[in-house]
Amino acid sequence: MKRPLIAVSGMNAVDSPGPGVPVLRSLKESDLHPRLIGFAYGTLEPGNFMTDFLENSFLFPYPNAGPGVLLDRIKKIHSDYQMDVIIPTLDSELDNYIAIEHELDQMGIKMVLPGKKELHTRDKTYLSESLKDTEVLLPETRTIQDIASLRQATDEIGFPLFMKGIFYEAFYARNYEEAAGYFYSISAKWGVPVIVQKYISGEECNICALANKGELVGGVVMKKLFLTDKGKAWAGVTIGNEEVKKISTSILKFINWHGGCELEFIIESKTGKMYLLEINPRFPAWVYLATASGQNLPDALVKMALGKSIPSFSSYEVGKVFVRHSWDEIIPMKQIEALTVYGQLVDPKKESSYE
Amino acid sequence: MSIGSLKNLALSDNGFVFDPTTGNTFIFNETALTIVRCLIQEKSKEEIIRFLLEEYEVGAEELERDYSDTMIHLKELGLYQ
């Protein structure tokens with residue numbers, strides 16, 4: 001049987017890690033025995049050099065270059081590496097991939113992506129509106145386009161609150177001055193709108209899930225045990241919270257989700273009520289915990305893409321812990337040179353030259 | 001009184017306890033661990049005290065106190081309503 005060639009983006013395994021490396025690690029355990037390559041936006045993204053997982057890595061222009069540039073770059077790589085599946089793992093690149101999904105399909109490259117409408121239904125800025133007729137609880141949220149709207153939003157919500165970027169980052173603000181500072185720093189980095197959200201005191205727990213046209217294929221619930229100063233989980237444990245699984249199943253059905261995702265919840269300490277914070281439109285960076293607990297969701301996604309039968313996941317191992325760590329990779333300068341000059345780690349035509 | 005949360009707990013003999021629903025972990029002393037095991041077996045307070053008297057060379061008054069302390073602790077942890 002031909003080994004499928006799968007490309008995975010998100011090689012930025014840094015302090016705010018992308019999901020690419022754990023997706024590759026999961027696929028390394030697939031019974032399809034796929035060949036794996038990585039798509040990166042920077043030479044020094046650590047995943048580029050994890051040659052235990054991938055046989056080559058390629059540099060890409062940033063998503064704001066648009067879908068046409070992305071398609072050209074993929075066509076160039078496809079001439080050397082006939083890809084079967086691409087798994088984009090970053091929020092900011094999904095619009096472009098959805099725009100070129102048909103062209104890639106014509107080239108024989110499959111993806112599992114939500115539709116444009118579904119992607120925006122779960123957008124942080126529309127989520128309250130999208131789920132207003134359901135029983136799902138969401139923290140009070142305002143979406144603002146300019147600093148002039150901040151005062152009214154904070155007056156209505158009250159402090160403390162969270163200031164959130166449209167794609168990434170969230171900051172805890174205790175007063176108007178802090179909120180205004182975060183508005184400027186977030187809008188400078190991620191653009192507008194900026195999201196103002198009520199702070200709920202409680203414990204966070206998330207589910208890493210895969211859905212097929214709204215039907216849950218698999219899902220693993222994790223409680224964060226240790227957070228970085230950016231609020232990223234640096235350690236977590238799988239838990240058997242049936243309520244999270246049940247409500248996630250109904251939300252994904254309601255928004256007709258297709259693909260990998262992460263739903264973030266917070267359970268309010270004083271009331272025990274469960275609030276949905278956001279829905280991330282791709283696997284989380286802790287997806288390998290799901291694999292290690294018995295649900296290899298990236299493998300299932302590839303099988304969905306290739307039209308193969310999807311494994312059925314009825315349970316997973318509860319009490320499995322992940323602890324992330326940092327590690328200094330030592331890289332030959334030739335590899336930096338190759339990525340910088342040629343935009344790829346290995347030239348398949350003269351593979352030995354970059355060793 | 002409900003022991004629903006207790007029934008789900010993963011108990012180790014060394015006192016390490018994992019709640020698979022919330023992900024919380026706890027350390028219980030030997031007496032507390034024994035009381036929790038008895039509660040899971042749906043033993044009454046009187047049965048638990050009698051069992052502890054047979055197991056440990058401690059007076060009934062002290063065991064009554066240990067039982068009360070453990071129950072308060074379990075309620076504080078949200079493991080017993």
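Those protein sequence lines, which keep their order, are chains C and U.
Position 192 of the first sequence, counted from 1, bears residue number 192 in UniProt numbering, the numbering being contiguous throughout.
Position 63 of the second sequence, counted from 1, bears residue number 63 in UniProt numbering, the numbering being contiguous throughout.
Just so it is clear, CB atoms sit at the ideal spot from N, CA and C, and this is done for glycine as well.
Checklist line | Burial state of LEU339/C, where buried means 16 or more other Cβ atoms lie within 10 Å | finding: Numbered from 1 along the first sequence, position 339 holds the residue referred to as residue 339/C. Per the 10 Å Cβ criterion, buried.
Notebook entry, point to check: Among the residues of its own chain, which have a CB less than 6 angstroms from the CB of MET83/C, if the five just before and after it don't count?
Noted result: Your numbering for residue 83/C matches position 83 in the first sequence. Once the five neighbours on either side are set aside, the close Cβ partners of MET83/C are LEU5, ALA7 and ILE109.
Item checked: Short CB-CB distance (under 8 angstroms) between ASP69/U and chain C -> Taking the first residue of the second sequence as position 1, residue 69/U is located at position 69. Not closer than 8 angstroms to any Cβ of chain C, the Cβ of ASP69/U fails to qualify, so no.
Note to self: Determine, for GLY15/U, whether the minimum Cβ-Cβ distance to residues of chain C falls below 8 angstroms.
What the structure shows: Translated into positions along the second sequence, residue 15/U becomes position 15. By this cut-off, GLY15/U is not an interface position.
Check: Buried or exposed: TYR126/C, going by 16 or more other Cβ atoms within 10 Å of its Cβ?
Finding: For the purposes of this step, residue 126/C is taken as the residue at position 126 of the first sequence. By the 10 Å Cβ count, TYR126/C comes out exposed.
Check: Using a beta-carbon distance cut-off of less than 7 angstroms, what residues from the segment 230 to 251 of chain C approach chain U?
Finding: VAL237, ILE239, GLY240 and ASN241
Item checked: Assigned secondary structure, ASN12/C (DSSP; H/G/I helix, E/B strand, else coil) -> Mapped onto the first sequence, residue 12/C falls at position 12. Three-state result, ASN12/C: coil.
Check: Is it right to say MET333/C is buried, meaning 16 or more other beta carbons lie within 10 angstroms of its own, or is it exposed?
Finding: Within the first sequence, the letter at position 333 stands for residue 333/C. MET333/C should be labelled exposed.
Checklist line | Interface residues of chain U facing LYS223/C [CB-CB closer than 9 angstroms] | finding: Within the first sequence, numbered from 1, the residue matching residue 223/C stands at position 223. THR22, GLY23 and ASN24, listed in chain order.
Checklist line | Spatial distance of TYR354/C from VAL346/C (CA atoms) | finding: As a position in the first sequence, residue 354/C is number 354, starting the count at 1. As a position in the first sequence, residue 346/C is number 346, starting the count at 1. With a pLDDT of only 47 at TYR354/C, under the threshold of 50, the placement of this residue in the model should not be trusted, and no figure is reported.
Note to self: Which of the three DSSP states is assigned to GLY78/U in this structure?
What the structure shows: In the second sequence, counting from the first residue as 1, residue 78/U sits at position 78. Coil, per DSSP.
Check: Which chain C residues are close to PHE18/U, counting only those with a beta carbon under 9 angstroms from its beta carbon?
Finding: Here residue 18/U refers to the residue found at position 18 when the second sequence is read from its first residue. Neighbours of PHE18/U on chain C, chain order: VAL237, VAL318 and GLY319.
Checklist line | Straight-line gap, PRO281/C to ARG324/C (C-alpha atoms, nearest Å) | finding: By one-based count along the first sequence, residue 281/C stands at place 281. By one-based count along the first sequence, residue 324/C stands at place 324. When rounded, the distance between both Cα atoms is 22 angstroms.
Check: alpha helix (DSSP H) containing ARG25/C: first to last residue?
Finding: As a first step, residue 25/C must be located in the first sequence, where it is residue number 25. 20 to 28 is the extent of the alpha helix (DSSP H) around ARG25/C.
Next item on the list: Quick one: residues in its chain with C-beta nearer than 6 angstroms to the C-beta of PRO61/C, no 5 flanking neighbours on either side, listed in chain order?
Entry: Numbered from 1 along the first sequence, position 61 holds the residue referred to as residue 61/C. Here the set comprises VAL69.
Notebook entry, point to check: Buried or exposed: THR70/U, going by 16 or more other Cβ atoms within 10 Å of its Cβ?
Noted result: Taking the second sequence and counting its residues from 1, one reaches residue 70/U at position 70. With 16 or more Cβ atoms within 10 Å of its Cβ, THR70/U is classed as buried.
Next item on the list: Give a yes or no on whether the minimum CB-CB distance between TYR275/C and chain U is below 8 angstroms.
Entry: Residue mapping note: residue 275/C aligns to position 275 of the first sequence, counting from 1. Not an interface residue.
Next item on the list: Please confirm whether LYS45/U and TYR80/U have their CB atoms less than 8 angstroms apart.
Entry: In the second sequence, the residue the question calls residue 45/U occupies position 45. In the second sequence, the residue the question calls residue 80/U occupies position 80. Not closer than 8 angstroms, so no.
Notebook entry, point to check: Which residue's Cα is closest to the Cα of PHE159/C: ALA148/C, PHE167/C and ALA180/C?
Noted result: Within the first sequence, the letter at position 159 stands for residue 159/C. Comparing Cα positions, the closest option is ALA180/C.
Notebook entry, point to check: Cα separation between SER352/C and GLN335/C?
Noted result: In the first sequence, counting from the first residue as 1, residue 352/C sits at position 352. In the first sequence, counting from the first residue as 1, residue 335/C sits at position 335. Because the pLDDT of SER352/C is 48, which lies under 50, any placement of that residue in the model is unreliable, and the question is left without a value.
Check: Which residue spans inside the segment 45 to 124 of chain C form an unbroken beta strand (DSSP E) run of at least 3?
Finding: 56 to 59 and 85 to 87
Next item on the list: With 8 angstroms as the threshold, decide whether the Cβ of ALA10/U is near any Cβ in chain C.
Entry: As a working mapping, residue 10/U is identified with position 10 in the second sequence. Interface residue, yes.
Check: Buried or exposed: where does TRP327/C fall if 16 or more other Cβ atoms within 10 Å of its Cβ makes it buried?
Finding: Here the question's residue 327/C lines up with position 327 in the first sequence. With fewer than 16 other Cβ atoms within 10 Å, it is exposed.
Checklist line | GLY15/U vs LEU39/U beta-carbon contact at 8 angstroms | finding: Here residue 15/U refers to the residue found at position 15 of the second sequence. Here residue 39/U refers to the residue found at position 39 of the second sequence. Not in contact: GLY15/U and LEU39/U (Cβ atoms no closer than 8 angstroms).
Next item on the list: Indicate whether LYS124/C and LYS164/C have their beta-carbon atoms separated by less than 8 angstroms.
Entry: The residue given as residue 124/C occupies position 124 in the first sequence. The residue given as residue 164/C occupies position 164 in the first sequence. Closer than 8 angstroms, so yes.
Notebook entry, point to check: Looking at the structure shown, is LEU276/C part of a helix, part of a strand, or coil, going by DSSP?
Noted result: Position 276 of the first sequence, counted from the first residue, corresponds to residue 276/C. Note: LEU276/C maps to strand in three-state DSSP.
Notebook entry, point to check: Between ASN56/C and the rest of its own chain, which residues show a CB-CB distance below 8 angstroms, the 5 nearest in sequence each way excluded?
Noted result: In the first sequence, counting from the first residue as 1, residue 56/C sits at position 56. Counting only Cβ-Cβ distances below 8 angstroms, and skipping sequence neighbours, we find ILE37, GLY38, TYR81, GLN344, LEU345, VAL346 and PRO348.
Next item on the list: For GLY191/C, count neighbouring C-beta atoms within 10 Å of its own C-beta (all shown protein chains included) and say buried if the count is 16 or more, exposed if not.
Entry: In the first sequence, residue 191/C corresponds to position 191, counting from 1. Exposed, by the Cβ-count rule.
Item checked: Distance between PHE283/C and GLU29/C (C-alpha atoms, nearest Å) -> As a first step, residue 29/C must be located in the first sequence, where it is residue number 29. As a first step, residue 283/C must be located in the first sequence, where it is residue number 283. Taking the straight line from one Cα to the other gives about 17 angstroms.
Item checked: Straight-line gap, LEU11/U to ASN24/U (C-alpha atoms, nearest Å) -> Counted from its first residue, the second sequence places residue 11/U at position 11. Counted from its first residue, the second sequence places residue 24/U at position 24. Distance between the alpha carbons of LEU11/U and ASN24/U is about 12 angstroms.
Check: Ordered along the chain, which non-local residues of its own chain (more than five positions away) have a Cβ less than 6 angstroms from that of PRO311/C?
Finding: For the purposes of this step, residue 311/C is identified with residue 311 of the first sequence, where counting begins at 1. Here the set comprises ALA300.
Notebook entry, point to check: What are the start and end residues of the beta strand (DSSP E) that includes GLN197/C?
Noted result: The residue labelled residue 197/C in the question sits at position 197 within the first sequence. Segment 194 to 198, the beta strand (DSSP E) holding GLN197/C.
Checklist line | Residues near MET304/C in its chain [Cβ-Cβ closer than 7 angstroms; skip 5 each side] | finding: Within the first sequence, numbered from 1, the residue matching residue 304/C stands at position 304. So the qualifying residues of the chain are VAL112, ASN212 and ILE310.
Item checked: alpha helix (DSSP H) segment containing TYR182/C, residue limits -> Translated into the one-based positions of the first sequence, residue 182/C becomes position 182. Here the alpha helix (DSSP H) through TYR182/C covers 176 to 190.
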